[in-house]
Each structure stands twice: as structure tokens, then as C-alpha cells.
């Protein structure tokens, strides 16, 4: 996070670009337009990163249902993206 790339051949830049391109393809499938694409990408990245960070730091101590919570989060995002794409 926040890493500075050493140039266009930096493997971190290349792999990060592939991830973003994949996420953009998924979002286009929802009908997300160019004007909303950056906001949708930031939302997905923040959501996934936050969940992964909390899980990695044992931040979900109150229950063993983090897999169920992840599935719920995906359904939640799916509904929101579907709604935005329909506008």
C-alpha cells in the first residue's frame, strides 16, 4: 500500500494494473460508466482491503463466521452495483 513504483517495468505496477483491469471488467458487466468507474474501483478496493486487513490482524474475534460475513459483503456489493448500473 502506498508503494512507489520504480518505473513502467516494476512488477508491482504491472500486477496492480492487471488487478484493476480485472475489476474494471467486472464493473463494466454491471453497467458502471466511466464517470463512476473510479469511485466504484475505490469502493471495491477499500472494501476488500479493509476486510483482508481486519481478518489478517484477527480483527473478527467475536465470531468464527468471517467467511459468512465475506459472502454477505459480496451480496451487499452486488446489490449496490446492480442498482447503480441500472441508473
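Residue numbers (our numbering): -12 to 74.
Here a beta-carbon is modelled for each residue, glycine too, at the ideal position from N, C-alpha and C.
Taking C-beta atoms under 8 Å as the contact rule, residue 27 and residue 19 qualify, at a distance of about 5 Å. The shortest CA-to-CA distance from residue 72 to any of 60, 23, 2, 3 is the one to 23.
Under the 10 Å beta carbon count, residue -1 is surrounded by fewer than 16 other beta carbons and is classified as exposed. Rounded to the nearest whole angstrom, the C-alpha separation of residue 47 and residue 38 is 9 Å.
In this structure, 14 is the residue among 25, 14, 50, 36 with its C-alpha nearest to the C-alpha of residue 65.
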